[in-house]
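To start, the structure itself, in structure tokens.
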Amino acid sequence: MIAAKGYAAQSANAELSLWTFDRRDVGPHDVQIEILYCGVCHSDVAQINNEWFPGLFPMVPGHEIVGRVVAVGEHVKNFKPGDLAGVGTLANSCKKCAHCDDGLEVYCENGVIPTYNGLDKYRDGLPTYGGYSNTIVSDESFTLHIPEKLNLAAIAPLLCAGITTYSPLKHWKVGKGHKLAV
Ligand SMILES: [Zn+2]
Ligand SMILES: [Zn+2]
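Position in the sequence shown (from 1) plus 1249 gives the number in my numbering.
This is how it looks when you write it as structure tokens:
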């Protein structure tokens, strides 16, 4: 296991406090990222406060993660140590249903595993912990490349808030003259 530290809510509605915990070892298809920035999403607050469903505690929130790769698994071909990388809201999915095959893992028929506040039933059954921490081990297929020379603090919120807004604009081909609400 990899020793990590982060800010966790120890129970529902609790304030975040420093917590040390373990990340899984880097598997063949994993990348380990040293986290540099993590956005704060309102759903972090909602989940700490059990507004959606009873949460898993201790909970380390954060799903707008930007950092630098420090280690890669033996089968990882698309990342190498030193690369910038991002992680959004998803940690895993079944990878075998029709939606996963189409690259629409968020609609996985067998259920997606969130970056935090979930149990990864496809891997080890253990809780996932998010980006309010110093390091994360991420499946390469749920890890994104981040270009160099951008404002990394500004990139982080694109991993949830940004893509949530951008995706429907692109899907519906919103352009000049359209009216819309966000
Ligand atoms: Zn979010
Ligand atoms: Zn699936």
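Glycine included, C-beta positions come from ideal geometry on N, C-alpha and C. Please read these numbers as outputs of a predicted model, since none were measured by experiment.
Inset, instruction - Could you pull the start and end residues of the alpha helix (DSSP H) that valine 1294 belongs to? - result: What you label residue 1294 is simply residue 45 of the sequence shown in a count that begins at 1. Start and end: 1291-1297.
Inset, instruction - Just jot down, in chain order, the residues whose CB lies closer than 7 Å to any heavy atom of ligand 2. - result: Ser1342, Cys1343, Lys1344, Lys1345, Cys1346, His1348, Cys1349, Glu1354, Cys1357, Glu1358, Asn1359
Inset, instruction - State the start and end residues of the unbroken beta strand (DSSP E) segment that holds tyrosine 1286. - result: The count along the sequence shown starts at 1 and reaches residue 1286 at position 37. Looking at the DSSP string, the run of the beta strand (DSSP E) that includes tyrosine 1286 is 1279-1287.
Inset, instruction - Would you decide whether asparagine 1341 is buried or exposed? Buried here means 16 or more other CB atoms lie within 10 Å of its CB. - result: As a first step, residue 1341 is located in the sequence shown; it is residue number 92 there, counting from the start. So asparagine 1341 ends up on the buried side.
Legend entry - For serine 1266: DSSP bridge partner residues: The residue labelled residue 1266 in the question sits at position 17 within the sequence shown. Ala1257, per the DSSP bridge assignment.
Inset, instruction - Going by DSSP, name the residue or residues bridged to aspartate 1271. - result: Counting from one through the sequence shown, the residue named residue 1271 turns up at place 22. DSSP output for aspartate 1271 lists Ala1252 as bridge partner(s).
Legend entry - Cβ shell of glutamate 1323 (< 8 Å), same chain only, five flanking positions each side left out: For the purposes of this step, residue 1323 is identified with residue 74 of the sequence shown, where counting begins at 1. Counting only Cβ-Cβ distances below 8 Å, and skipping sequence neighbours, we find Pro1277.
Legend entry - Beta-carbon separation (whole angstroms), valine 1386 vs isoleucine 1251, contact threshold 8 Å: Mapped onto the sequence shown, residue 1386 falls at position 137. Mapped onto the sequence shown, residue 1251 falls at position 2. With 8 Å as the limit, valine 1386 and isoleucine 1251 qualify as a contact, their Cβ atoms being about 7 Å apart.
Legend entry - Same chain, Cβ closer than 8 Å to alanine 1347, neighbours up to 5 away in sequence not counted: The sequence position of residue 1347 within the sequence shown is 98, counting from 1. Closer than 8 Å at the Cβ level, and outside the excluded window around alanine 1347, lie Glu1358.
Legend entry - Simplified DSSP state of glycine 1411, which is helix, strand or coil: The residue you call residue 1411 lines up with position 162 of the sequence shown. Helix at glycine 1411.
Inset, instruction - Please indicate yes or no: does the CB of cysteine 1290 lie closer than 6 Å to some heavy atom of ligand 1? - result: Numbered from 1 along the sequence shown, position 41 holds the residue referred to as residue 1290. Answer for cysteine 1290: yes, Cβ within range of ligand 1.
Inset, instruction - Report buried or exposed for threonine 1269, applying the criterion of at least 16 other Cβ atoms within 10 angstroms of its Cβ. - result: Within the sequence shown, residue 1269 is the residue found at index 20, counting from 1. Result: exposed.
Legend entry - Exposure of phenylalanine 1328, with buried meaning 16 or more beta-carbon neighbours within 10 Å: In the sequence shown, the residue the question calls residue 1328 occupies position 79. With 16 or more other Cβ atoms within 10 Å, it is buried.
Legend entry - Same chain, Cβ closer than 6 Å to glycine 1367, five either side skipped, listed in chain order: Against the sequence shown, residue 1367 aligns to sequence position 118. Excluding residues within five positions, the ones whose Cβ falls inside 6 Å are Thr1377.
Inset, instruction - Check whether the Cβ of cysteine 1409 sits closer than 6 Å to any heavy atom of ligand 1, and report yes or no. - result: One-based indexing of the sequence shown puts residue 1409 at position 160. True, at least one ligand heavy atom lies under 6 Å from that Cβ.
Inset, instruction - Put isoleucine 1385 into one of helix, strand or coil per three-state DSSP. - result: Sequence index remark: in the sequence shown, residue 1385 carries index 136 (1-based). In this structure, isoleucine 1385 counts as strand in the three-state DSSP scheme.
Legend entry - leucine 1339 versus valine 1431: straight-line alpha-carbon distance, rounded: Translated into the one-based positions of the sequence shown, residue 1339 becomes position 90. Translated into the one-based positions of the sequence shown, residue 1431 becomes position 182. Whole-angstrom Cα-Cα distance: 22 Å.
Inset, instruction - Inspect the beta-carbon positions of glycine 1288 and proline 1406 and report whether they are closer than 7 Å. - result: Position 39 of the sequence shown holds residue 1288. Position 157 of the sequence shown holds residue 1406. Contact: yes.
Inset, instruction - Given a cut-off of 7 Å, decide if valine 1280 and threonine 1384 are closer than it, judged by their beta-carbon atoms. - result: Start at 1 with the first residue of the sequence shown, and residue 1384 comes out as number 135. Start at 1 with the first residue of the sequence shown, and residue 1280 comes out as number 31. No, they are not a contact pair.
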